[in-house]
Each structure stands twice: as C-alpha cells, then as structure tokens.
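Q: In this text, residue positions in the sequence shown follow the working numbering: the first is 14, and each later residue adds one. Note that beta-carbon positions come from the ideal geometry of N, C-alpha and C, so glycine has one too. One structure is given below, represented as structure tokens, and several questions about it will come after.
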Amino acid sequence: MENCLFCRMISGEIPVKKAYEDEQLIVIEDIAPVAPVHLLLIPKKHTVNTLDLSPDDSVLVGQVFQVAAKLARELGVAEHGFRIVNNNNAGAGQSVFHLHFHLLGGRSFHWPPG
C-alpha cells in the first residue's frame, strides 16, 4: 500500500530504528513511548487489522508472539511482566491502519487498561 506509513517503513522509504527483523516482520521503537520499553511489532504483509486476518495468517501471528517473548526476555522485562497490545479500528485507538502490536514493559500496568 503506497500511502501506508508502516509499508513505507518496511520498504526502507522511511528510515526507522529496527530492534528486530526477519522474513515476516520488523520491530521498531515507538516514536511516542508510553513505557520504558515500547516496541511496535509490524508484520511485513499489509493487513489493516485483526479483522482482516485469514486462517493462512496463523503462523504469522504466532511468530509475532514468539518474537515478543524473545525481546521481552532480552530487554529484561519478562520476569516483572509485560503487555502486548493490539488496537482494532479508531475507537480502540488504532491510528495506523496496518496490523501491528505494541510490546510494553519496564513499568507496572493496571487493569483495566485505557
């Protein structure tokens, strides 16, 4: 998608600070962090949000959570606790309409969120 901010980052058109990359996803630092650790896990395949996932995307979603766990351990937030957030549509806070997940850690979180 030529106008998609994340697609432009994935293609290299917009430079980003990558924390991780593989064939299926990139992980970048959030530009407006809300926690000491705030990374965005972005699948390279353009999908608007969770509502547009297909059964064929099961491996991709599993990869997102495996990479999130790996990074949480590496960044030292796994033991205390971390959060993985996915917003779907504007009413839930989605501002970039390309599927992505927030990895948040390094502070205490409360329930319910938001």
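CB residue 52 to CB residue 42, shorter than 9 Å?
A: In the sequence shown, counting from the first residue as 1, residue 52 sits at position 39. In the sequence shown, counting from the first residue as 1, residue 42 sits at position 29. Closer than 9 Å, so yes.
Q: Going by DSSP, what residues sit across from residue 34 in a beta bridge?
A: What you label residue 34 is simply residue 21 of the sequence shown in a count that begins at 1. 39, per the DSSP bridge assignment.
Q: Considering Cα atoms alone, identify which of 121, 19, 126, 116 is closest to residue 61.
A: Walking along the sequence shown from the start, residue 61 turns up at place 48. Nearest option by C-alpha distance: 19.
Q: In angstroms, rounded to a whole number, what distance separates the CA positions of residue 91 and residue 103?
A: Taking the first residue of the sequence shown as 1, we reach residue 91 at position 78. Taking the first residue of the sequence shown as 1, we reach residue 103 at position 90. Cα to Cα, residue 91 sits roughly 29 Å from residue 103.
Q: Which residue marks the beginning of the beta strand (DSSP E) containing residue 21, and which one marks its end?
A: Position 8 of the sequence shown, counted from the first residue, corresponds to residue 21. Looking at the DSSP string, residue 21 is not in any beta strand (DSSP E); the run it does join, the alpha helix (DSSP H), is 18-24.
Q: Hey, how far is the Cα of residue 84 from the Cα of residue 26?
A: Looking up residue 84 in the sequence shown gives position 71. Looking up residue 26 in the sequence shown gives position 13. Computed Cα separation, rounded: 25 Å.
Q: Taking the alpha-carbon of residue 127 as reference, which of 98, 16, 21, 29 has the nearest alpha-carbon?
A: Numbered from its first residue, the sequence shown carries residue 127 at position 114. The option with the nearest alpha carbon to residue 127 is 98.
Q: Quick one: measure Cβ to Cβ for residue 77 and residue 117, integer angstroms, because I've assumed they're closer than 8 Å.
A: Locating residue 77 in the sequence shown gives position 64, where the first residue counts as 1. Locating residue 117 in the sequence shown gives position 104, where the first residue counts as 1. No, residue 77 and residue 117 are not in contact; Cβ-Cβ is about 14 Å, not under 8 Å.
Q: If I'm right that residue 94 touches residue 100 with Cβ under 8 Å, what's the distance once you round it to whole angstroms?
A: In the sequence shown, counting from the first residue as 1, residue 94 sits at position 81. In the sequence shown, counting from the first residue as 1, residue 100 sits at position 87. Actually they do not touch by this definition, with Cβ atoms about 20 Å apart.
Q: Which stretch, first to last residue, makes up the alpha helix (DSSP H) that contains residue 86?
A: Numbered from its first residue, the sequence shown carries residue 86 at position 73. Note, residue 86: alpha helix (DSSP H), 71-87.
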